[in-house]
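Undergrad: Numbering (this note's numbering), first residue to last: 1 to 495.
A virtual CB, placed ideally from N, CA and C, is assigned to each residue, including glycine.
1) Using C-beta distances below 7 Å, list every residue in its chain close to residue 433, excluding the 5 sequence neighbours before and after it, in chain order.
2) Would you mind giving the Cβ-Cβ distance between residue 21 and residue 131, rounded to the nearest angstrom? I have them listed as a contact below 8 Å.
3) Looking only at its chain, what residues have a beta carbon closer than 8 Å to the beta carbon of residue 153, apart from the 5 residues adjacent to it on each side?
4) By Cβ distance below 6 Å, which residues in the same chain neighbour residue 497 in space, the five residues on each side in sequence not counted?
5) Residue 84 and residue 40: beta carbons closer than 9 Å?
6) Hey, could you find the ends of the beta strand (DSSP E) residue 298 is sitting in?
7) Report yes if the CB atom of residue 244 is closer than 9 Å to the CB atom of residue 459, and no otherwise.
8) Per the DSSP calculation, residue 337 is bridged to which residue(s)?
9) By DSSP's criteria, residue 212 is part of a beta bridge. Which residues make up the other side?
10) DSSP three-state call for residue 69: helix, strand or coil?
11) Leaving out five residues on either side along the sequence, give the residues of the same chain with a beta carbon under 8 Å from the beta carbon of residue 344.
12) Quick check: what's the CA-CA separation for residue 82 versus residue 123?
13) Which residues does DSSP pair with residue 456 in a beta bridge?
14) Taking 9 Å as the CB-CB limit, is residue 288 close to chain C?
15) Roughly how many angstroms separate the alpha carbons of residue 329 and residue 322, rounded to a whole number?
16) Measure the CB-CB distance between residue 468 and residue 298 and report whether it falls below 9 Å.
17) Rounded to the nearest angstrom, what separates residue 410 and residue 453 at their Cα positions?
18) Secondary structure at residue 146, three-state DSSP: helix, strand or coil?
19) Is there contact here, the region 49 to 64 with the region 101 to 117, by at least three beta-carbon pairs under 8 Å?
20) Take the Cβ of residue 105 as the centre, count every other Cβ of all protein chains shown within 10 Å, and call the residue buried at 16 or more, exposed below.
21) From the DSSP output, which residues share a beta bridge with residue 111?
22) Compare the beta carbon distance of residue 287 and residue 369 with 9 Å and say whether it is the shorter of the two.
23) Would you decide whether residue 34 is buried or exposed? Buried here means 16 or more other CB atoms lie within 10 Å of its CB.
24) Between residue 52 and the rest of its own chain, which residues show a CB-CB distance below 7 Å, the 5 nearest in sequence each way excluded?
25) Please confirm if the region 380 to 391 is in contact with the region 258 to 270, defined as three or more CB-CB distances below 8 Å between the two stretches.
26) Based on DSSP bridge pairs, tell me the residues matched to residue 164.
27) For my contact list, residue 280 and residue 376 are in at a C-beta cut-off of 8 Å; report their separation, rounded to the angstrom.
28) Under a three-way DSSP split, which group does residue 254 fall into?
29) Classify residue 276 as buried or exposed, calling it buried when 16 or more other Cβ atoms lie within 10 Å of its own Cβ.
30) Sort 168, 17, 140 by Cα distance to residue 155 and report the nearest one.
31) Determine the extent of the beta strand (DSSP E) in which residue 324 is found, giving its start and end residues.
32) Hey, how far is the Cα of residue 251 from the Cα of residue 450?
33) Could you say which of 150, 147, 294 lies nearest to residue 308 if we only look at CA atoms?
34) Where does residue 100 land, buried or exposed, given buried means 16+ other C-beta within 10 angstroms?
35) Rank 366, 64, 346, 327 by C-alpha distance to the C-alpha of residue 357 and give the top, closest one.
36) Throw me the rounded Cβ distance for the residue 273 and residue 372 pair, which I believe falls under 8 Å.
Structure follows, in C-alpha cells:
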C-alpha cells in the first residue's frame, strides 16, 4: 500500500529495527559477501527438482509479502530480478528473526537452491540469509512514487532501482562507451587525458565557466572543448589520439543541451575529413552492432536505418534543395532571409546562410547523412579546399535533424591560423570564449603539425539517438538541476 506517514516517523521505525538486528548479533550494515553471482546468471541456471542447483546471490528487496511461516521477496541487482522464498524451517531461528526485520530497500545475501514454485515461478529457496545493509528511508512505490520526473532526476539512485528503462539505458550507455574505446584502440588510437582547467577557453565558440586558483591568483576556465591540447599532441608525434571527457559550457539548458556533457574528440595525423567520415560510420555501426536488434532503430516517430553506406551531400546542395536559392547568390540569400523574417542588417553573408540552414534545412535531415564542405568563415580551425578557399573541409553528421558529429581537415598553417584568430577577436565580448588569442597553440603549430583529420562526437546525443530517448537529461546520470528548497514527500510501499 502507499504510505503517507511523515518520513521521520518511518525512519524512526526502521531505526528501531537496526537496534533489533544489532541485538541479534547481526551487523545491520553488512560485511564482505564473496562468491555471489549476478541474478541474470541465476535465472539461467538449470531447474532440476531431483537435484536442485545451489546458488548464492545478493541484491536489494523491491517487493515483500508474507504468509504465515513463509516470506516471499523479490531481490534485484544490476542485472535482473528474481523471487526468493524464505521459510522459517529452512533458514533457522536466526534467519527467521532477520527476516522479520527486513523492509523494502534492504540489502540481502541469499544462499539457497534454485527451482520453481508450484505455480511455476522461478525462485531461489533460501537456506541462509546474510543481512547486507539497512535502508532507513522508505523506498518509492513501484507504480506511483517514480512517476514524478523531477523526483526521478533528483533521486537517480532510486530511479535506477525502480525504473527498468533507466537501468537499461544506463547499461547501454556504458556498453557504447566501452565499444568506442575498444574500436579506437583496435584502430591504433591512443587514449590520453588533457587539462580540465584552461588559461584560455578555446576550441569552440561557447561561453565558459570561470573559476579562480587561489595560490596562483589566476583566473581559469573549465574547458569548453578538448581540441587544442589534443592537437598539440599531434605536434608531439602521437599520430592517433583521442579523449573521452567532460566539457562545460555556461549556456542554456534544453532537451538537447546540458551545461556539462561528454565529448569524444580524436585526431589522426595524415588523415582528412573524408577519412573521418569513414571512421565515424564504422564507430557508430560498431555501437549499434553491440546493442543488437539490427541497424533499424526508432527515434520518436521515426525509424532510422543506419545500414551503410550513409548518404553524403554538400552543404551547398542541401541549402539549394531546402531553401530554394543558391548560397553563392548573396542577393538571393538576403532576400530569402528577409522574407522569412530574419534580421540581416550588418551580418556577414555566411552568418545569414547558417541561420537559413538552421531554419530550413536541419529539421529535414533525418539521416544518417554527412553534410560536408561548409562556408569557410564558419570554421576558423578548418583547412580550406585548395581549389576553393571559400569552402572549408568540414562535415557534420545529422540524424533526426540533430547534429551528432563534427569533423574537419585540421588547419595546420600557423600563419593562417593566427590571422583567423585575430579576425575573430573583432567585435567579440569579453565573456565570449574566442575573445582571447591562444598564442601557445599558434606557437605549437609553428613547430609543425602534420596534416590531420579531427572528429568530435557528443556521447550524450549518440546515446539519445540509439536508445530512443528524447531528452539529454535522461541519458546523463546526474544532470544539472535547480537546487531544491522544499522537503520531498515520498510515496512508499510497505506491506
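TA: On the basis of the data shown:
1) On the chain shown, residue 433 is found 433 positions in, with the first residue counted as 1. Model confidence at residue 433 stands at a pLDDT of 46, short of 50, so the residue's coordinates are unreliable and nothing is read from them.
2) Within the chain shown, residue 21 is the residue found at index 21, counting from 1. Within the chain shown, residue 131 is the residue found at index 131, counting from 1. The C-beta distance from residue 21 to residue 131 rounds to 6 Å, short enough to meet the 8 Å contact threshold.
3) On the chain shown, position 153 is the one that residue 153 refers to. Contacts found: 159, 473, 479, 481.
4) In the structure as shown, the chain starts at 1 and stops at 495, and residue 497 therefore has no counterpart that could be examined.
5) Locating residue 84 in the chain shown gives position 84, counting from the first residue. Locating residue 40 in the chain shown gives position 40, counting from the first residue. It is not a contact, given that the beta carbons lie outside the stated cut-off.
6) As a working note, residue 298 is residue 298 in the chain shown. In the DSSP assignment, residue 298 falls within the beta strand (DSSP E) that extends over 296 to 299.
7) If you number the chain shown from 1, residue 244 lands on position 244. If you number the chain shown from 1, residue 459 lands on position 459. Closer than 9 Å, so yes.
8) Taking the first residue of the chain shown as 1, we reach residue 337 at position 337. Answer by DSSP bridge pairing: none, since residue 337 is not bridged.
9) The sequence position of residue 212 within the chain shown is 212, counting from 1. Residue 212 is bridged by DSSP to 219.
10) For the purposes of this step, residue 69 is identified with residue 69 of the chain shown, where counting begins at 1. Of the three classes helix, strand and coil, the one that applies to residue 69 here is coil, per DSSP.
11) On the chain shown, position 344 is the one that residue 344 refers to. Taken in chain order, the residues that qualify are 334, 337, 338, 352.
12) For the purposes of this step, residue 82 is identified with residue 82 of the chain shown, where counting begins at 1. For the purposes of this step, residue 123 is identified with residue 123 of the chain shown, where counting begins at 1. Rounded to whole angstroms, residue 82 to residue 123 spans 7 Å at the Cα level.
13) Mapped onto the chain shown, residue 456 falls at position 456. Beta-bridge pairing links residue 456 to 265, 406.
14) Checking the listed chains, one finds no chain C in this structure; it contains a single protein chain.
15) Counting from 1 along the chain shown, the entry for residue 329 is found at position 329. Counting from 1 along the chain shown, the entry for residue 322 is found at position 322. Rounded to whole angstroms, residue 329 to residue 322 spans 15 Å at the Cα level.
16) Sequence index remark: in the chain shown, residue 468 carries index 468 (1-based). Sequence index remark: in the chain shown, residue 298 carries index 298 (1-based). In this structure, residue 298 lies closer than 9 Å to residue 468 by Cβ.
17) Counting from one through the chain shown, the residue named residue 410 turns up at place 410. Counting from one through the chain shown, the residue named residue 453 turns up at place 453. Cα to Cα, residue 410 sits roughly 6 Å from residue 453.
18) Translated into positions along the chain shown, residue 146 becomes position 146. Assigned with DSSP and collapsed to three states, residue 146 falls in coil, not helix or strand.
19) As far as the Cβ criterion goes, the region 49 to 64 touches the region 101 to 117, which means the pair count is three or higher.
20) Indexing the chain shown from 1 puts residue 105 at position 105. In this structure residue 105 is buried. Its beta-carbon is surrounded by 16 or more other beta-carbon atoms within 10 angstroms.
21) The sequence position of residue 111 within the chain shown is 111, counting from 1. Residue 111 has 56, 128 as its beta-bridge partners, per DSSP.
22) Here the question's residue 287 lines up with position 287 in the chain shown. Here the question's residue 369 lines up with position 369 in the chain shown. In this structure, the beta-carbon distance from residue 287 to residue 369 does not fall below 9 Å.
23) On the chain shown, residue 34 is found 34 positions in, with the first residue counted as 1. Exposed: under 16 other Cβ atoms inside 10 Å.
24) If you number the chain shown from 1, residue 52 lands on position 52. These residues qualify, in order along the chain: 113, 114, 115.
25) Between the region 380 to 391 and the region 258 to 270, the count of Cβ pairs shorter than 8 Å is below three; the stretches do not touch.
26) As a working note, residue 164 is residue 164 in the chain shown. For residue 164, which the question treats as bridged, DSSP gives no partner whatsoever.
27) Working through the chain shown from its first residue, we reach residue 280 at position 280. Working through the chain shown from its first residue, we reach residue 376 at position 376. Actually they do not touch by this definition, with Cβ atoms about 22 Å apart.
28) Against the chain shown, residue 254 aligns to sequence position 254. Residue 254: strand per DSSP, three-state reduction.
29) As a working mapping, residue 276 is identified with position 276 in the chain shown. Classified as buried, residue 276 has 16 or more neighbouring CB atoms from the shown chains inside 10 Å of its CB.
30) Against the chain shown, residue 155 aligns to sequence position 155. When each option's Cα is compared against that of residue 155, the closest is 140.
31) Here residue 324 corresponds to residue number 324 of the chain shown, with the count starting at 1. Note, residue 324: premise wrong, no beta strand (DSSP E); not H, not E.
32) The residue you call residue 251 lines up with position 251 of the chain shown. The residue you call residue 450 lines up with position 450 of the chain shown. Those two C-alpha atoms are separated by around 34 Å.
33) Within the chain shown, numbered from 1, the residue matching residue 308 stands at position 308. Looking at the Cα atoms, 294 is the closest of the given residues.
34) As a first step, residue 100 must be located in the chain shown, where it is residue number 100. Residue 100 comes out exposed.
35) Position 357 of the chain shown, counted from the first residue, corresponds to residue 357. Ranking 366, 64, 346, 327 by Cα distance to residue 357 puts 327 first.
36) In the chain shown, counting from the first residue as 1, residue 273 sits at position 273. In the chain shown, counting from the first residue as 1, residue 372 sits at position 372. Separation of the CB atoms of residue 273 and residue 372 is rounded to 7 Å, and the pair is thereby assigned contact status at 8 Å.
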